[in-house]
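Here's the structure, in structure tokens; my notes come after.
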Amino acid sequence: MTAALTGGVRHPKIYAYTTDAYENEAWIGPREGKGLLKVGYTDLDVDQRIYKQLHGVKMPTPTAYEVQVVEAAIADDGRAFLDHDVHAALRRAGVHRREGEWYECTAAEVQAAIAAVKSGARLQSLRPRATFELRPEQEAAVERTAAYFTAHADGSSPPHFLWNAKMRFGKTFTTYQLAQRMGWTRVLVLTYKPAVETAWREDLEGHADFAGWRFKGKEDAPPDLGDESPLVWFASFQDVLGSDDDGNPKAKNGGLYEAEWDAVVIDEYHFGAWRDAARGLYVGDPETGSSGDTSEKAELDTPDLDEDFTENLEGALPLRVSNYLYLSGTPFRALTQGEFLEDQVYNWTYSDEQREKAAWTGHGKNPYAALPKMYLLAYEMPEALREVALNNLSEFSLTEFFRTEKTDDGPPRFIHESEVQKWLDLLRGQEITGLWANVSSRNRPPLPYEDTNLLAALQHTVWYLPSVDACFAMRGLLTAQHNTFYRDYQVVVAAGAKAGLGKEALPPVEQAIGKVPQERKTITLSCGKLMTGVTVPAWAGIFMLRELKSPESYFQAAFRVQSPWKSALVNTAEGGEDEVVHKEHCYVLDFAPNRALRQIVDYATRLRADTAAERNDEAAIDEFMEFLPVLSFDGYSMSQLHAADVLDYLTNGISSSMLARRWNSPELLALDMRAMEALLANPDLLASLEQIEMFRNITDDLTAMISTNKELRQKTLAKEKLSGEEKARKDDAAKRRDNLKKRLQRFITRIPAFMYLTDDREKAIRDIVTQLEPQLFERVTGLTLADFEQLVNAGVFNDSKMNDAVWKFRTFEEPSLHYGESEDTAPRTVGGWTLRRDEQFALLVDTEVLRPGDTLTGASGAQAMITEDYGILVGGIRQDGPDAAAKAATNSAVTDGWTYWSASTGYGDGSLAELHALVA
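When we follow the numbering used here, the leftmost residue of the sequence shown carries the number 85, and every step to the right adds one.
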């Protein structure tokens, strides 16, 4: 009966206690002090609750404890609250949490946190206030901006100024210093990324210069505008542009329209200026096929504003404002469209940062020392892997390569799982010669998980994939039983709704990396989460495995891995603290070189406000690449590119240095069994070749290679184990073939010299050799016309590769041949190895206005199709260009194919002449 009467009324309470083991425990967080407190909640007796906590397992003697706080858990409005609310208040104020809800704080601080929760106020920061000063570039930004605002204070409209400053510039701290310099007391910060509120609050409350300032965030009560002390009001566009059911501004934002704002600061400005790119992170991109991470919609979605953002901002928000300051690390559209003039922009780019780092001669520590230098490693995907993932434009597609399918009993799997596995093996240097046939021990590229330098640096990486399903499929593959190498890495999936929104996805990554990152290895998989606004110091590399088209989204993701990773070290000899930098370099690894180089050009040339007449794009790219070296592997060797290489590559699909190597490429030869048998069956050709010193033994070599191949063919196909003698014969045959290829390549390397010495640009090289210049060809190459024709007939040369090499060579040398002449004097039709092409028509194909397989329609109703080799197929016969195709389709009645043929394209419908005007 007595038991039934207990517990009739419950009293919610917050309590805090310590034990003998923790009362003198030194704090390890950012504050100095000692003693840990356990903060909990109960609606029963406090001592009973603590006793149960401490004695979950029966102990010989009870654990002594001391209760230091007991407060009612009832707020001023009568609602009950839990210990989690107090924990959150302590953490926001800067109190360090230990495992098990133990906090590095005092009883008075716990009581203050409880009082804040009760009243709905915010506990003031308990962090020690910093006293650091502006860095030189921050001081320059403040001075230049203040001068501009002052000079334009009496204009008819408020002045606008842009800080084009990369991440880690310190925009929040510098903005507050600008406010101090200008004497501002009312600052409104608007952003498309609500998650950055923490940074704005902490920089204001955490620095001694801003003591006495107030901060109003999303969850804070409306401020007293009658209080003259300085105020920063932080709000998101999503919030302030919203309205109530009657279409009026939300009541809680009424104060925004009452105050006179000294400045409105637009943070993360690019999120408004590149809305489509931002949305691509969560709704995907129909053009590339990537699906993004739909769970990020609430975090990243932005309301629509007119395209002319700066002009229409004042109309969208009827505020009384004296100055507008825009902050962005990637304001490409704003600068490209001239929204800001040169004197309205302060620039602090990656190049500026790294230049100052290298040139620092100031007193004290180099403030840029911990900012790592970035390297871009671009790899051409092997042909065997490329061919399974071609899109409808016959181009390699990362989206297709990592496309997934649902399974009945488990997570999604890659459709091309076998190829993805080969790619994973390739990252470790496995089967490299099987996929990149031209790689040898001398030109082996540095691969991320094989090269010792990269292997050590890339302990913690993030892989940027096309979709949520691709992230889960990749985790399944990386953790599969057979992938023993990758199973040494802890794989974290930061994708999908369960991972949390925005920064909520960060804790599992930090937990996996641990407090001593050097002791662990992780791979984080994402398709949009953690790609903006977060810092993971230990990340040293990002794998760009998603088809990002905009430079904004590309570099927002790339700079995630450029976060500094450093530690303080007590200098016992001289006193004070030194800085230990753990990450001196970081890496962007890209498997779509053309895309990667395009982003480099955009970043280097478009983040400037100078006029077109003042621009020197090549110089800007060169400077940028001095601090961000680009190493490109084209299937033959890896080399460092320079500005001219990048521009050549993007213009013609290959750089000049790559082109030079192309003429040394074994791909230009087709020395397969059929070709070798054809050579051996031609005794006259062999007798002639044997007169040349390097071909003295060609008959013996061919006989040995063919014989070995035939004898071992069955065992090789059946993958049977070869005897020691058989393996030696196979190795000898392979060596003979490589040597023969190298000797034949000597002829090919002389072909560019032959092209320089011939005047006829319109004929194919093969026709020039056989019809016009046989003696010149023999002098240059050492081959007689008869030998050349027999080699061609034997199929020794790879016609399609040779055509491509000749056309690219002639494209490069064309400007020098016609220097000072009008473009109209250059020949329109240019010969390749065996084929000819119309250069202006080829431009339409290279710029993807037209694509192989597209249909052309003639004015008379005739139809033709564009071929892979820049030709036009009419009646099943390849024609060199539009004019020849028109003649063929009309029995020579029409000779102008540019007005005769028309096509429907993504750029609109029109004649070839009209389409060419778009790219000319």
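Glycine is no exception: its CB is placed at the ideal position from the N, C-alpha and C atoms.
Quick caveat: nothing in here was measured; it's all calculated off a predicted structure.
Cα-Cα separation, residue i to residue j
i      : j      : result
Trp268 : Ala347 : 8 Å
Phe675 : Leu715 : 12 Å
Phe253 : Gly290 : 17 Å
Glu221 : Tyr260 : 15 Å
Ala335 : Trp317 : 15 Å
Ala177 : Ala200 : 11 Å
Lys885 : Met465 : 17 Å
Thr941 : Leu403 : 57 Å
Tyr99  : His139 : 18 Å
Pro591 : Arg133 : 30 Å
Thr783 : Leu770 : 7 Å
Val672 : Arg163 : 51 Å
Glu663 : Thr258 : 23 Å
Leu26  : Leu409 : The chain is shown only over 85 to 1004; residue 26 falls outside these bounds and no answer can be derived.
Lys302 : Ala319 : 6 Å
Phe486 : Asn407 : 48 Å
Residue j beta carbon less than 9 Å from that of residue i
i      : j      : result
Glu608 : Trp547 : A small correction: the amino acid at residue 608 is Thr; Glu does not occupy that position in the sequence shown. Their beta carbons are under 9 Å apart, which means Thr608 touches Trp547 by this criterion.
His669 : Ala624 : yes
Met757 : Asn781 : no
Arg270 : Pro243 : no
Thr545 : Pro532 : yes
Val349 : Leu401 : no
Cys189 : Leu166 : no
Asn823 : Asp871 : no
Ala641 : Thr606 : no
Arg708 : Ala688 : Checking the sequence shown, residue 708 turns out to be Phe, not Arg. Their beta carbons are under 9 Å apart, which means Phe708 touches Ala688 by this criterion.
Glu489 : Arg512 : no
Trp111 : Lys122 : no
Neighbourhood of residue i by C-beta distance below 7 Å, restricted to the same chain and skipping five residues each side
i      : result
Thr989 : Val933, Leu934 and Leu999
Lys250 : Gly413, Trp432, Thr433, Tyr434, Glu437 and Phe643
Trp649 : Pro621, Ala622, His666 and Lys667
Gln264 : Asp293
Leu262 : Val226, Thr229 and Ala230
Ala468 : Leu519
Thr983 : Ser995 and Ala997
Glu515 : Lys506 and Asp509
Contacting residues, own chain, Cβ-Cβ under 6 Å from residue i (five flanking each side not counted)
i      : result
Thr868 : Glu862
Leu561 : none
Gly992 : none
Tyr638 : Leu632 and Gln683
Segment limits, alpha helix (DSSP H) that includes residue i
i      : result
Leu763 : Met757 to Leu764
Asn877 : Leu869 to Asn877
Arg228 : Pro220 to Ala235
Leu138 : Val130 to Leu138
Asp167 : Asp167 to Arg176
Gly584 : Taken as a continuous stretch (DSSP letters only), Gly584 belongs to no alpha helix (DSSP H), as it is neither H nor E.
Ile516 : Ile516 to Leu519
Gly808 : Gly808 to Thr833
First and last residue of the uninterrupted beta strand (DSSP E) at residue i
i      : result
Phe627 : Gly625 to Met628
Gln555 : Before going on, a small fix: residue 555 reads as Cys here, not Gln. Element bounds for Cys555: not the beta strand (DSSP E) but the alpha helix (DSSP H), Val552 to Leu562.
Asp410 : Before going on, a small fix: residue 410 reads as Tyr here, not Asp. Looking at the DSSP string, the run of the beta strand (DSSP E) that includes Tyr410 is Tyr408 to Ser412.
Lys202 : That residue, Lys202, is in no beta strand (DSSP E); its alpha helix (DSSP H) goes Ala191 to Ser203.
Trp649 : Element bounds for Trp649: n/a, residue is neither H nor E.
Asp351 : Ala347 to Asp351
Ser610 : Thr606 to Ser610
Gln208 : First-last for Gln208: undefined, no H or E at that position.
Lys122 : Leu121 to Thr126
Val577 : Gln574 to Ala578
Ser995 : Gly992 to Ser995
Leu246 : His244 to Ala249
Gly915 : Thr913 to Gly915
Own chain residues within Cβ distance below 8 Å of residue i, not counting five before or after
i      : result
Ala295 : Arg213
Lys97  : Tyr125, Thr126, Asp127, Val130, Val154, Glu155, Ala156 and Ala157
Leu455 : Arg252, Glu437, Gln438, Lys441, Gln646 and Pro648
Min CB distance residue i to chain D below 9 Å
i      : result
Val194 : Structure shown: chain D not included; a single protein chain is present.
Can you check the segment 254 to 309 for any beta strand (DSSP E) of at least 3 residues that lies completely inside it and give the ranges in chain order? Those beta strand (DSSP E) runs which fall completely within the segment 254 to 309 and span 3+ residues are 270 to 275 and 298 to 300.
Within the segment 448 to 515, note down every full alpha helix (DSSP H) run reaching 4 residues or more, in order along the chain. Correct list: 467 to 470, 482 to 485 and 501 to 511.
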